[in-house]
Amino acid sequence: MSSTLTWHYPVTSVTPDLREIPASARQDMRVPARVYADDTLWEQIEGDRSLDQLVNVATLRGVTGCVYGMPDIHEGYGFPVGGVAAFRASDGVISPGGVGYDINCGVRLLRSRLELGALQPKLESVVHDLSRSIPSGSYRNPALTLTIDDLERVLTEGPAYLAERGMVLPQDLAHTEARGRLPGADAAKVSARAKQRGHDQLGTIGSGNHFVEVQVVDQVFDAGAAQGFGLQEGQITVLIHTGSRGLGHQVCTDYVRLMDQVMPHYGISLPDRQLACAPLQSPEGQSYFAAMCAAANFAFANRQAITHTVREVFHRALGRAADLALVYDVAHNMAKVEQHGGEQLCVHRKGATRAFGPSHPETPAAYRRVGQPVLIPGSMGTGSYVLAGTDEAMTRSFGSCCHGAGRAMSRSEAKRTRSGAEIRRELEARGIVVRCPSAGELAEEAPYAYKDVERVVDVVNRAGLARKVVRLRPLGVIKG
Amino acid sequence: MTTMLFPRYREQQPGAGMAGTCPPATHEFLAHTSEMQLLVHAATFPELFAEAGHALGLLSLRDIPDVPTGEWREIEVESADRVALLVDWLNELIFLAETERWVGIEFEVRETGARWIIARARGVSVEEPPAVVKAATMHQARISHRDGAIEAEVLFDV
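Residue numbers (this note's numbering), protein chains in the order written: chain U, 959 to 1438; chain S, 46 to 203.
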């Protein structure tokens, strides 16, 4: 082990890909903070306030083990994005800011039986049809506007509600984290304002870094695991990235406000008010958990509704050969009550995803030989990765992994660097079809605004948090 | 009761507020890796809240002309303290933009205290707001006095 001083914290290198800020680094820390990163990523991480934010998380009541930064960690609000922290369910807290505004923002991967040659002649029209059929940005979805009764069923049942509308295939639920239905959900704990924001947003992508991407499997790293996931070189896939939309945003807003007000009652003081929290077992903690689970179910249903639309578009263009099967759907903004080391913990993953291994009971039966699929989207125009969860991750990161490349540049700097038109031309020159309603947003999401996803994935692969299975190359992007 | 018109329209509304004695309220967005960090300067709290609301409106509208139309509407917000009030005020405007497709751009703060604000506003009705602002956060939210002016920071999740 070697010790150096970086930022204003003492840092110890545990391995070449793992650094630790000891609990003694700041008086109010309860546990160490560990960050998975190589030298290059570490240098980027030091460039913003990620470490300050991670250290702040290490001060929260009931936090246990270590708090973890994934290699895609970057500055967020309250918790850093790419942060993982576990709190004892018995006496620890739950923090809405530790989940984020986009509750159960997540990713799902669909695989077709098509090869590149079959899609290529129709790629442009398929991407165009997807962009016309799936509302993005702030657009609502008039085709799926819900009554209050229907919305409450979505909040309770998740994508299972959509089955009676013919929008769910038999294997879809089994290949969704928690079958898309978190049992702790209580629609009554979701405010009327949140329901008002979300009632017409089911089946919409939203904005920011959300997308639907048509891809091809262009490299296989682990043939056995790839076979287990039903993936092979040259195969067409579709990746969907979105979350709980305005409904989830409002749930977070409501409960940050509530917890900010009740913290004095529980004797909680914080280095950052966005970390507002309450004991998990308190009435406020239980209410937030129930509302968060309901918003998460909405997000699973949102990705399911988009899946249905994607399937319709592919069938229109390519017939039944374009059947799309769900590989997996994972959340990356969530708090889950899980067993770790014989103890019940509330694991917060903000910009981090589960990476459960073959022996975990929540790994779907179809993937018990391989491990849970871990889906890591790259930045727009770069490759995405499918990894497999490992049993070792349970002790190394509470069964967690990175969620993407991670931003490295502010939106304004990204726009100053190159225009949206230039980005579009560059992507099109590489054969990538792009649909984005705003040139400004295209520039904000430019590939150079993100870290190198390959480097991020290599770190988690070497660290044993998940192992590389295949790489996906983008062919068409519908930007939110 | 304090009545302050948003500085941008002060020349069109002579005699209102403290025009002529203080520099106009200003705002800028600071660099942040993933979100948008708003910094506002103003001479008074009513100006501060009006300028923050205006900045949010501009962020939401992107390239749409920010010329307010239609009737004034009343907006009232209560909160735990002044910093939370600023965050809640902005979250109220975000809620209206998303649910009513109405982006507030011109604000007249009629009354404000440490825990409440009564304002009226005019805005732009849009079919779809060009930019989605998810929320105003409490992260590093602050209001402080500096060089005789009031300075505030709020981070938006975008």
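Glycine residues also receive a C-beta, built at the ideal position from the N, C-alpha and C atoms.
8 Å CB neighbourhood of residue i in its chain, flanking five on each side removed
i: Met46 of chain S; result: Low confidence applies to Met46 of chain S: its pLDDT is 33, below 50, so where it sits in the model is not reliable enough to give any reading.
i: Ala1351 of chain U; result: Ala1313, Phe1314, Gly1315, Gly1357, Ser1358, Cys1359, Gly1422, Leu1423, Ala1424
i: Ala1372 of chain U; result: Ala1401, Glu1402, Glu1403, Ala1404, Tyr1406, Ala1407
i: Asp126 of chain S; result: Ala159, Arg160
Assigned secondary structure, residue i (DSSP; H/G/I helix, E/B strand, else coil)
i: Met1221 of chain U; result: helix
i: Ala1324 of chain U; result: helix
i: Leu84 of chain S; result: strand
i: Gln1159 of chain U; result: coil
i: Arg1261 of chain U; result: helix
i: Met1352 of chain U; result: helix
i: Cys1394 of chain U; result: coil
i: Asn1291 of chain U; result: strand
i: Ala159 of chain S; result: coil
i: Gly193 of chain S; result: coil
i: Thr1114 of chain U; result: helix
i: Lys1080 of chain U; result: helix
i: Thr71 of chain S; result: strand
i: Pro110 of chain S; result: coil
i: Ala1121 of chain U; result: helix
i: Asp1087 of chain U; result: helix
i: Cys1235 of chain U; result: coil
i: Gln1302 of chain U; result: strand
i: Pro52 of chain S; result: Note on Pro52 of chain S: pLDDT 34, under 50, position unreliable in the model; the coordinate value appears next. Reduced to three states, the DSSP call for Pro52 of chain S is helix.
i: Phe1247 of chain U; result: helix
Beta-carbon proximity list for residue i, same chain, < 6 Å, skipping 5 on both sides
i: Gly168 of chain S; result: Pro113, Trp147, Val148, Gly149, Ile150
i: Phe152 of chain S; result: Phe51, Ala95, Gly98, Ala164, Ala166
i: Asn1419 of chain U; result: Arg1425, Lys1426
i: Gly1336 of chain U; result: Ser1342, Ala1363, Val1411
i: Ala87 of chain S; result: Ala70, Leu93, Glu96, Ile195
i: Phe90 of chain S; result: Thr157
i: Glu1171 of chain U; result: Leu1197, Pro1432, Val1435
i: His1168 of chain U; result: His1199, Thr1200, Gly1438
Close-in-space but distant-in-sequence residues of the same chain around residue i (CB under 7 Å, 5 per side omitted)
i: Asn136 of chain S; result: Ala180, Ala181
i: Ser961 of chain U; result: At Ser961 of chain U, the pLDDT of 41 sits below 50, so the modelled position is not reliable; the number obtained from the coordinates is stated separately. The answer, listed in chain order, is Pro968, Thr970.
i: His1298 of chain U; result: Ala1044, Met1352, Phe1356
i: Ala142 of chain S; result: Ser105, Val148, Pro174
i: Ala1397 of chain U; result: Ser1377, Gly1378, Ala1379
i: Glu56 of chain S; result: No answer about Glu56 of chain S holds up, because its pLDDT of 28 lies below 50 and its placement is not dependable.
i: Arg191 of chain S; result: none
i: Arg1431 of chain U; result: Gln1173, Val1174, Asp1176, Gly1341
i: Glu73 of chain S; result: Leu84
i: Leu1102 of chain U; result: Leu1160, Gly1161, Ala1263
Chain-ordered chain S contacts of residue i [CB-CB under 7 Å]
i: His966 of chain U; result: The premise fails here: His966 of chain U is roughly 17 Å from chain S at the closest Cβ pair, so nothing lies under 7 Å.
i: Asp1006 of chain U; result: Thr78
i: Arg1151 of chain U; result: Phe140
i: His1207 of chain U; result: Lys179, Ala180
i: Thr1211 of chain U; result: Asn136, Ala180
Those residues which DSSP pairs with residue i across a bridge
i: Asn1062 of chain U; result: DSSP output for Asn1062 of chain U lists no bridge partner at all.
i: Ala181 of chain S; result: S:Phe201
i: Tyr1213 of chain U; result: DSSP output for Tyr1213 of chain U lists no bridge partner at all.
i: Ile1031 of chain U; result: For Ile1031 of chain U, which the question treats as bridged, DSSP gives no partner whatsoever.
i: Phe1045 of chain U; result: U:Val1021, U:Cys1304
Under 8 Å by beta carbon: chain U residues contacting residue i
i: Phe74 of chain S; result: Ser1370
i: Glu143 of chain S; result: Ser1096, Arg1155, Gly1204
i: Asp133 of chain S; result: Arg1215
i: Arg107 of chain S; result: Ser1396, Gly1398
Distance between beta carbons of residue j and residue i, contact taken as under 8 Å
i: Lys1426 of chain U; j: Leu1345 of chain U; result: 6 Å
i: Val128 of chain S; j: Ala186 of chain S; result: 5 Å
i: Val199 of chain S; j: Val178 of chain S; result: The Cβ separation is near 11 Å, so there is no contact.
i: Ile1264 of chain U; j: Thr1311 of chain U; result: Incorrect: roughly 19 Å between the Cβ atoms, too far for contact.
i: Asp996 of chain U; j: Pro974 of chain U; result: 7 Å
i: Leu1282 of chain U; j: Leu1068 of chain U; result: 4 Å
i: Gly1036 of chain U; j: Gln1208 of chain U; result: Gly1036 of chain U to Gln1208 of chain U, Cβ: 17 Å. No contact.
Partners in chain U for residue i, counting only beta-carbon separations shorter than 7 Å
i: Ser79 of chain S; result: His1032, Glu1033, Gly1034, Val1039, Arg1365
i: Ala125 of chain S; result: Asp1218, Gln1219
i: Asp202 of chain S; result: Tyr1035, Tyr1059
i: Phe94 of chain S; result: Within 7 Å Cβ-Cβ: nothing; Phe94 of chain S doesn't reach chain U, min ~17 Å.
i: Pro113 of chain S; result: Those do not exist, as Pro113 of chain S stays about 19 Å from chain U at its closest Cβ, beyond 7 Å.
i: Arg160 of chain S; result: Going along chain U, no residue has its Cβ under 7 Å from Arg160 of chain S, so there is no contact; the nearest lies around 11 Å.
i: Pro174 of chain S; result: Ser1096
Contacts of residue i in chain U (Cβ-Cβ under 9 Å)
i: His184 of chain S; result: Gln1011, Gly1034, Tyr1035, Gly1036, Gly1055, Asp1230, Arg1231, Gln1232, Leu1233
i: Val122 of chain S; result: None at all; the shortest Cβ gap to chain U is about 11 Å.
i: Ala129 of chain S; result: Arg1215, Asp1218, Gln1219, Arg1231
i: Arg167 of chain S; result: Within chain U, no residue comes near Arg167 of chain S; the closest Cβ sits about 21 Å away, beyond 9 Å.
Listed by chain order, chain S residues near residue i by CB distance under 8 Å
i: Gly1164 of chain U; result: Val177
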